[in-house]
Amino acid sequence: MPSNRCDVADVNPRTQLPCISIGKFSSPAGLVGAFTSDIPNGAAFQLVGEEAPGALPFGPNALIKFTDVQPGTYTITEAAVPGISSFPIACDGSGNDAGGNPTWKAVFGPNSFTLTVIPGAFVTCDFVNVQHQIEIVKDADIADGTDFNFTGTSGAFVLDDAQPDDGDAFGASRVFPAPLVGLGAGTPLTFTEALPAGWQLDSIVCDPGPIRDPQQVDSTTINVDTAARSVTVQIDDFFARYITCTFTNSKLPPPPTTTTTTTTTTTTTTTTTTTTTPATTTTTTTPATTSTTTIIANTPTTIVATPAPTVPMDVLPETGSGSSNTAISAAAFVALGAATLAATRRRGLRPR
Numbered sequence: 001m002p003s004n005r006c007d008v009a010d011v012n013p014r015t016q017l018p019c020i021s022i023g024k025f026s027s028p029a030g031l032v033g034a035f036t037s038d039i040p041n042g043a044a045f046q047l048v049g050e051e052a053p054g055a056l057p058f059g060p061n062a063l064i065k066f067t068d069v070q071p072g073t074y075t076i077t078e079a080a081v082p083g084i085s086s087f088p089i090a091c092d093g094s095g096n097d098a099g100g101n102p103t104w105k106a107v108f109g110p111n112s113f114t115l116t117v118i119p120g121a122f123v124t125c126d127f128v129n130v131q132h133q134i135e136i137v138k139d140a141d142i143a144d145g146t147d148f149n150f151t152g153t154s155g156a157f158v159l160d161d162a163q164p165d166d167g168d169a170f171g172a173s174r175v176f177p178a179p180l181v182g183l184g185a186g187t188p189l190t191f192t193e194a195l196p197a198g199w200q201l202d203s204i205v206c207d208p209g210p211i212r213d214p215q216q217v218d219s220t221t222i223n224v225d226t227a228a229r230s231v232t233v234q235i236d237d238f239f240a241r242y243i244t245c246t247f248t249n250s251k252l253p254p255p256p257t258t259t260t261t262t263t264t265t266t267t268t269t270t271t272t273t274t275t276t277t278p279a280t281t282t283t284t285t286t287p288a289t290t291s292t293t294t295i296i297a298n299t300p301t302t303i304v305a306t307p308a309p310t311v312p313m314d315v316l317p318e319t320g321s322g323s324s325n326t327a328i329s330a331a332a333f334v335a336l337g338a339a340t341l342a343a344t345r346r347r348g349l350r351p352r
C-alpha cells in the first residue's frame, strides 16, 4: 500500500531540499489538534487523529506534508486542550548522508518537537492525542438485566448487566470524556449508584489505567466511598488517563423462613379446701370373759349321778393280783362317794 509520508521520492534530486511530514493519532479517533510551526507555509494547520498508530496511509486530514523545506531547525507544537494529552511519539525517515552523518535529528518536548534537517533528508514525526476518559462498568450477580440508575456530575444514566443481552438500550458500561463538555478543566466527576430493591453494593474498584504520557506529572485522584455508593475522580488537566471504575452488585439473600409456632397454655386453678376433722378414737374394752361357776349357798343343787354303763361282772378280766374286777369296781364307787361328800362339806353345803 503506498504511503503518503515523506520518502525519497519527495526529495528533489537536484536541490536535495528536505521533506517534512506531520501525522496525528488519537484515542478516541477524531480528536482535532491545532498546530503551529516555523516551517515556511506551515505557520498554522489542523490535523484530525487516526485511531491506530502505524496505519498506512494516513487519512487526508491526519497528515500534512511539507516539501522543498530549507535545511535548518524547526519547532512544531500542538496546542494544549484540557482533558487531552498531546505528545510526539516517534520520528522516522532517511538515514545518514554520504559522510555518515544523520540527515535529521529530533528533540521531543511535552507537546512539541524540534527537528533539524540537512539536505537530502526526509522525515515524518507523529503526534498522539489521548483524551481523559472514565468508564463506569456494571458487574451484577446475577446478571438478570436489572437496571441500575446512576446520577452525578455526568448527569443521569442507566446500566445493566444482562447475560445474555436483553435487547434494551442500556449496556453494561459507559465511557465519559474528562472533563465533560461544559465543565472546566480539573472539575471533579462524581458517579453515584441508586440501588434497586433487593440488591446490595459489594464493591467499587477503580483502575487508573496506564500512564499515557510519562513526560507529565500525574495529579489524578480517585476517591471511592462504598457507603455512599459513589466514586469521585479528578484528573490532571493535561495528563491523559483511561480510568475504569467497576460497580459490583449482588442480590440480597432471601429473608430467613420464619416458622411461627403457636403454643396455647391453659392454666387451671383448682382451689382445694381441706377440712381437718379430729380423728375420733373409740376404744372398746371388752372385758375378758371369765367363766366362773359360783355355787350360791342355800341354792338347791341337784347333782345327778349318771350311772356307769352296766357291764356284766362276769366279763371283767381278773387283775394281775388275782382280785376280781367286781371288787375293784365296788371300791371305786365307794371312793367316789367319799370325795363328793368331802367337797360338799368344804363349801358349806348340807348334804341331802
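Counting along the sequence shown from 1, when you hit position 337 you're at 337 in the working numbering, and nothing is skipped either side. Even glycine gets a Cβ: it sits at the ideal position worked out from N, Cα and C. As the structure is a prediction and not an experimental result, all values here were calculated from the model.
* C-alpha gap between I22 and S173, whole angstroms -> Counted from its first residue, the sequence shown places residue 22 at position 22. Counted from its first residue, the sequence shown places residue 173 at position 173. A direct Cα-Cα distance of roughly 35 Å separates I22 from S173.
* Return helix, strand or coil for D126, following the three-state DSSP convention. => In the sequence shown, residue 126 corresponds to position 126, counting from 1. For D126, the three-state secondary structure derived from DSSP is strand.
* Asked: Between G93 and N249, what straight-line distance do the alpha-carbon atoms span, to the nearest angstrom?
  -> Taking the sequence shown and counting its residues from 1, one reaches residue 93 at position 93. Taking the sequence shown and counting its residues from 1, one reaches residue 249 at position 249. Cα to Cα, the separation comes out at about 53 Å.
* Asked: Cα separation between D68 and N41?
  -> In the sequence shown, counting from the first residue as 1, residue 68 sits at position 68. In the sequence shown, counting from the first residue as 1, residue 41 sits at position 41. Straight-line measurement puts the Cα of N41 at about 11 Å from the Cα of D68.
* Asked: Taking the beta strand (DSSP E) that Q200 falls in, what are its first and last residues?
  -> Residue numbering aside, residue 200 sits at position 200 when the sequence shown is read from its first letter. That run of the beta strand (DSSP E) goes W199 to D207.
* What are the boundary residues of the beta strand (DSSP E) that T151 is part of? -> Against the sequence shown, residue 151 aligns to sequence position 151. Per DSSP, T151 belongs to the beta strand (DSSP E) from D147 to G152.
* **Bounding residues of the beta strand (DSSP E) (the contiguous stretch that carries G100)** => Looking up residue 100 in the sequence shown gives position 100. Premise fails: G100 is in no beta strand (DSSP E) and is neither H nor E.
* What three-state label does DSSP hand A227 in the structure shown? -> Numbered from 1 along the sequence shown, position 227 holds the residue referred to as residue 227. Correct three-state label for A227: coil.
* To do: Taking only beta-carbon positions, decide if N4 is within less than 9 Å of chain C.
  => The displayed structure is made up of one protein chain only, and chain C is not part of it.
* To do: Within 10 angstroms of the Cβ of V107, are there 16 or more other Cβ atoms? Answer buried if so, exposed if not.
  => Start at 1 with the first residue of the sequence shown, and residue 107 comes out as number 107. The C-beta of V107 has fewer than 16 other C-beta atoms within 10 Å across all chains shown, which makes the residue exposed.
* Check the C-beta distance from P208 over to I243 and give it rounded, since I have them as a contact under 8 Å. => Your numbering for residue 208 matches position 208 in the sequence shown. Your numbering for residue 243 matches position 243 in the sequence shown. Contact flag correct, Cβ pair sits at about 6 Å.
* Nearest neighbour of G100, chosen from H132, G120 and V158 [CA to CA] -> Indexing the sequence shown from 1 puts residue 100 at position 100. The residue among H132, G120 and V158 with its C-alpha nearest the C-alpha of G100 is G120.
* Between the CA atoms of V123 and K24 - distance to the nearest angstrom -> Locating residue 24 in the sequence shown gives position 24, counting from the first residue. Locating residue 123 in the sequence shown gives position 123, counting from the first residue. Distance between the alpha carbons of K24 and V123 is about 14 Å.
* Local conformation of V8 per DSSP, three classes -> On the sequence shown, position 8 is the one that residue 8 refers to. Annotated three-state conformation of V8 is helix, per DSSP.
* To do: With a cut-off of 8 Å on the beta carbons, I'd call V8 and V32 a contact; round off their distance for me.
  => Within the sequence shown, numbered from 1, the residue matching residue 8 stands at position 8. Within the sequence shown, numbered from 1, the residue matching residue 32 stands at position 32. With a Cβ gap of about 31 Å, V8 and V32 do not count as contacting.
* From the DSSP output, in three-state form, read off T280 for me. => Taking the sequence shown and counting its residues from 1, the one referred to as residue 280 is at position 280. Caution is warranted here: a pLDDT of 48 is assigned to T280, below 50, making its placement in the model unreliable, and the coordinate value is therefore given only provisionally. Here T280 sits in coil by DSSP.
* N- and C-terminal bounds of the beta strand (DSSP E) containing T15 -> Numbered from 1 along the sequence shown, position 15 holds the residue referred to as residue 15. T15 -> no beta strand (DSSP E), and no H or E assigned at all.
* Asked: Among the residues of its own chain, which have a CB less than 7 Å from the CB of D161, if the five just before and after it don't count?
  -> Numbered from its first residue, the sequence shown carries residue 161 at position 161. Cβ within range, chain order: K138, D139, A140, A143 and A172.
* To do: Provide the residue span of the beta strand (DSSP E) that contains L252, from first to last.
  => Position 252 of the sequence shown holds residue 252. No beta strand (DSSP E) contains L252, which DSSP labels as neither H nor E.
* Counting only the same chain and skipping the five closest in sequence on each side, list residues whose C-beta sits under 7 Å from that of F170. => Taking the first residue of the sequence shown as 1, we reach residue 170 at position 170. The beta carbon of F170 lies closer than 7 Å to those of D147, V158, L159 and D160 in the same chain, with the five residues before and after it left out.
* Asked: Out of P255, S154 and I222, which has the shortest C-alpha to C-alpha gap to F191?
  -> Here residue 191 refers to the residue found at position 191 of the sequence shown. Selected option, being the one with the closest Cα: S154.
* To do: With a threshold of 16 other CB atoms inside 10 Å of the CB of L63, please say whether the residue is buried or exposed.
  => As a working note, residue 63 is residue 63 in the sequence shown. Buried, since its Cβ has 16 or more Cβ neighbours within 10 Å.
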